[in-house]
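Below is one structure, written out as structure tokens, with a few remarks after it.
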Amino acid sequence: MWIERTKWMLANIGWPIAFTFWYQIMVVLYAANGEITQLALYYFQFLWIIIVCSYFSASFTPPSKCQIEDDKNSTANFCNLCNYSKPPRWHHCRRCNQCVHRMDHHCPILQLCIHNNNHKYFLLFLLWPLQLAIFTVWHGYFNFWKMIRSVYTGEILSTTDQLRGTGVSNALMVGFAALYLLKNQLPNLLRNQTLIEESRETTIYDLGSWQENVKSVMGPWRSSWLPVPIDERNEKKQT
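Under this note's numbering, think of the first position of the sequence shown as 15, with each following residue one higher.
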């Protein structure tokens, strides 16, 4: 258990460092030289704040506590590791050493379980960085091209140009990684399904329309794309 806790703490150190690096690249190296418009700067800062809030919301939102039923004859699934009956949509995570409500998977990126309470924040942590990656590549593709070209021409780039090119290449990697993860997450979101339920071909929690399925995880449309908690009524729809 202490190993998983250590990994989680290291993730909470590493990600803020990465966030700071991204901010320095776009704000200091571009804005300081007047190479980015004020509107674009405000948009980047908006994306950056949303991403940071989404990350910490996903990382520090604890899972729900299971209503323990010490009855091995219960119709609910009995967890031999936790030694109690668990309601539907509860699964035991061996890394966290506990049963988790609506467990999607144990995320190696955040070093914790994606569950009922933080699934929305995890999805936002994929969607908003994808937008930031597109935004960064759009504004810095010339610097990235200069960095690639210098490999073949032998041109010596300034430290600023090297950092800008590195920032764009980093944005490309983040963008492709987010797309890869969203490839499975978004279809499941539309079906109100977790990765575990998808692997077991469980579809009984579909609410009948993709709009209702999305709202059950992301909350009301007016706040679905912001890192704010969903209300209890939407949480009940997930169960």
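Quick reminder that beta carbons are idealized off the backbone N, C-alpha and C, glycines included.
Inside the stretch 192-249, DSSP marks whole alpha helix (DSSP H) runs of 4 or more residues at positions 209-213, 224-232, from first to last along the chain. Here Val42 is exposed. Its C-beta has fewer than 16 other C-beta atoms within 10 Å. Excluding its 5 nearest sequence neighbours in each direction, Trp29 has C-beta neighbours in its own chain below 7 angstroms: Tyr69, listed in chain order. In summary, Val114 is buried, with 16 or more beta-carbon neighbours lying within 10 Å of its beta-carbon over all protein chains present. Within a 10 Å sphere around the beta-carbon of Ala32 sit fewer than 16 other beta-carbons, which makes this residue exposed. Every unbroken stretch of the alpha helix (DSSP H) spanning 4 or more residues and falling wholly within the stretch 116-172 is given here in chain order: 133-167.
Per DSSP, the continuous alpha helix (DSSP H) segment holding Cys67 begins and ends at 52-74. In the three-state reduction of the DSSP assignment, Asn91 falls in the strand class. The bridge partners DSSP lists for Cys113 are His106. For Lys100, the enclosing beta strand (DSSP E) has its first and last residue at 98-100.
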